[in-house]
Every structure is written in C-alpha cells, then in structure tokens.
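The next block holds one structure in the form of structure tokens; read it before the comments.
Protein chains: 2
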Amino acid sequence: MAETMPISQKSQYAVRAVFELAKRQGTGATKISDIAEAQAIPQRFLENILNHLKGGGFVESVRGKEGGYLLARPAGDLSVGEILRFIEGPLSPVDCRVGASKSSCSMYGRCPFNSLWERAEKALEAVYDGTTFRELVVREAEECQERIVDFSI
Amino acid sequence: MAETMPISQKSQYAVRAVFELAKRQGTGATKISDIAEAQAIPQRFLENILNHLKGGGFVESVRGKEGGYLLARPAGDLSVGEILRFIEGPLSPVDCRVGASKSSCSMYGRCPFNSLWERAEKALEAVYDGTTFRELVVREAEECQERIVDFSI
DNA sequence: GTAAATCTCAACTGAATCGGTCGAGCTAGT
DNA sequence: ACTAGCTCGACCGATTCAGTTGAGATTTAC
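Chains A and B, in that order, give the protein sequences.
Position one of the first sequence corresponds to residue 1 (my numbering), numbered consecutively onward.
Position one of the second sequence corresponds to residue 1001 (my numbering), numbered consecutively onward.
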C-alpha cells in the first residue's frame, strides 16, 4: 500500500532536531553530531536542515571548536506549526487554496470543496500551531517518569 | 515556494468524479467523457481512476453503448474520507504510525511526537469522514441559489 | 601560528513518485 | 457487424525526495 506521508522526512528531522535543542536549552551549544546521534538523523543531511532553520531564525549557530547550535527562541514560544510551515510551505491539503493556484483554479470561489479543504487546513493548524516544543519536552519527561514508576512497582 | 499537496491530484480527481456522479444519481449511467468534461479532468487519466474506484465498490459501470458509471451507494452514505483513504492510503501525516513502519520505528511507543501525529490524524479524519457527498451536493445547490438571489437583487 | 574541530554552502545523484498517455481488447446495443 | 463505450496494464517524462559530497570558512586549543 502507498503509505501517504504528507509531512516530509526533512520536516520530521527538522522538528526532531528543534526538539532536541529545546531539551538542551540553557546548556550551551550542541554539536550537529550530537543532535544527529540523539535523534537518529543522517548527519550530513541534518547539516543542511539546521542551516536552513538558521535562515528562518529558529536556531543560532556557533562556529569553530566547541561550536554547535542553540535554539534561538524560548521553547514555550515556538510551535511545531511554525517549523512545519517553514520547511513544507502552507499547511493546506491542496494547491488550489494557495497563492497563484488559488486564483488560477477554474472554479475559483464557487468550488464546493473549497470549504472542505479549508476546514481540513484549519483543523491541522489548530493541532500544529497549538503545540509548543516546551509541551513536547515536558510531555516526554512525564512519560519517562511514568516508565520509571512502572519499573519500580 | 514548495507548495505542499498532501492530497494527490489523483485523489482530488477521484473525489470530484464521485461528486459529479452524486449530483447525477438517479439519472442513469454517466459516460466517462461527460464526467471528464464537467469536472475538467483529463479523460484517459479519469478512466484509470474510475476503474480503480470500481474495484473499491464505490461506483458501478455499464459497458457498451449507452454505458457509463453510476454511484454504487447513496450519496448520503458515502464520505469523502472513504474515497481519500481508498486512493491515498491511511490519512496519517507520517509513516511511523502506519503498518510495518509503526513497529520498525526506533522509538516505538515512547516517541514524544506520536500523540501529536495522532491528534493531527484524528483532526483530519473528523473533517473528511464527517463530510458526505450528499452534503457537498446540497451545499453546491445552495450556493448556486444564493448567486441567483444575488443577481436578482 | 598551526592544527583540529566545527559550521557553511551549493552542487550533485540515484531512486521513487506523480501525473498522465497509449494501445489493444472486451462488451453491449442497434 | 459496426460502433460507442468501458477495461487493463504497460509505458513515459518530469519532478521531487532523501541523502551525499566536497571544498571552504571560522573559531578554539595548544
């Protein structure tokens, strides 16, 4: 079966990398190689991605020995949606709601599906924009805690 | 810009074709060429799609002269989600929540993103499974009506 | 000041997917 | 038998995707 994957591998790596930086926020710069290892991401590919994210102002870099990357904003103020949108472009499920295609669509304005795609888009945005990396970090910590409790029982 | 389009052109054509058949339900078989024209879909491509949909039991075909396609189920009982899932596969935004990839994921079970992807998937399902073709047809009719009213004012 | 560690940037590549076409055949009505 | 239509699978070119590579710039440690 075809296995749709609307969220590209690159975006997933980007989100995981940012997540890793969020976990380490306040502990200085983290090397690409450490992020790659922690999140199981091909290192040379991750180099591209982090560089790209830097262009978007999401992360900062420190060059030279002891260099690495840092999260440029508080984890509680950075949503998954922002990263996805930066890497993937608009979160719309279809082209005809976006930019030039919007007006070039032959049924512009009176397409019965327009409101459907719009509702889908809004639903996704609500989820992705409503989730910050801080929440993800906290949640992971909680789950880890639960597991420890499980073991100790 | 990259313009993500998680819903493939093929799926959109499929949905539009089914929609067209829903509009014409009760009026006998509709030729591929008529559907293609009404919905601006490349005819030879549409042939594949309808044939595929037939395999899923969504439409029926009549061969020979005066042949064509019919919707196999009441439009009010057929959701957009069913068609999308049939053409695209699972509505999950990522692979690691689906089938084999699910268990082959290195962080199986304790991935902090799992619940995020799950919420996204559920949000999409709610929209797509909650919309029937009957609603779409009715909605289009209403919008047409509004436009007539607009003109007459 | 030089060596080592690290980020930087753009070009490249192989495989897969996508959107679509084509041809040859089958089926039913007239 | 002719014709209008559906059927089925093979085929194709372009794009995208995931990832690699190489050459260079920058900082720190010694």
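Virtual Cβ for every residue (Gly too), placed ideally from N, Cα, C.
Computed from a predicted structure; not experimentally measured.
Any C-beta of chain A sitting closer than 8 angstroms to the C-beta of residue 1140 of chain B? yes
Say whether chain A places a C-beta atom closer than 8 angstroms to the C-beta of residue 1080 of chain B. yes
Starting from the beta carbon of residue 132 of chain A, find every residue of chain B whose beta carbon is closer than 9 angstroms, and list them in chain order. Chain B residues near residue 132 of chain A: none, gap ~11 angstroms exceeds 9 angstroms.
Beta-carbon separation (whole angstroms), residue 1008 of chain B vs residue 1088 of chain B, contact threshold 8 angstroms: 6 angstroms
Where the beta strand (DSSP E) through residue 1015 of chain B begins and ends: Taken as a continuous stretch (DSSP letters only), residue 1015 of chain B belongs to no beta strand (DSSP E), being part of the alpha helix (DSSP H) at 1009-1023.
Mind listing, in chain order, the continuous beta strand (DSSP E) runs of no fewer than 3 residues lying wholly within the segment 54-97 of chain A? 59-62 and 68-71
Nearest-angstrom beta carbon gap, residue 1133 of chain B and residue 1018 of chain B [assumed within contact, 8 angstroms]: 6 angstroms
Identify the contact partners of residue 1015 of chain B in chain A, using a Cβ-Cβ distance below 8 angstroms as the criterion. 113
Against chain B, which members of the segment 53-74 of chain A pass a CB distance test of less than 7 angstroms? none
Please report whether the beta-carbon of residue 126 of chain A lies at a distance below 8 angstroms from any beta-carbon of chain B. yes
Is residue 61 of chain A near residue 55 of chain A, with beta carbons less than 8 angstroms apart? no
Between the alpha carbons of residue 116 of chain A and residue 1142 of chain B, how many angstroms are there, rounded? 15 angstroms
The alpha helix (DSSP H) enclosing residue 122 of chain A, as first and last residue numbers: 114-129
Quick check: the Cα distance between residue 124 of chain A and residue 1064 of chain B, rounded to an integer number of angstroms? 45 angstroms
What does the Cβ neighbour count give for residue 145 of chain A, buried or exposed, with the cut at 16 atoms within 10 Å? exposed
Report yes if the C-beta distance between residue 14 of chain A and residue 83 of chain A is below 8 angstroms; otherwise report no. yes
Determine the contact status of residue 69 of chain A and residue 50 of chain A, defining contact as a CB-CB distance below 8 angstroms. yes
Please work out which residues of its chain come closer than 7 angstroms, Cβ to Cβ, to residue 10 of chain A, disregarding the five sequence neighbours upstream and downstream, and give them in chain order. 49 and 87
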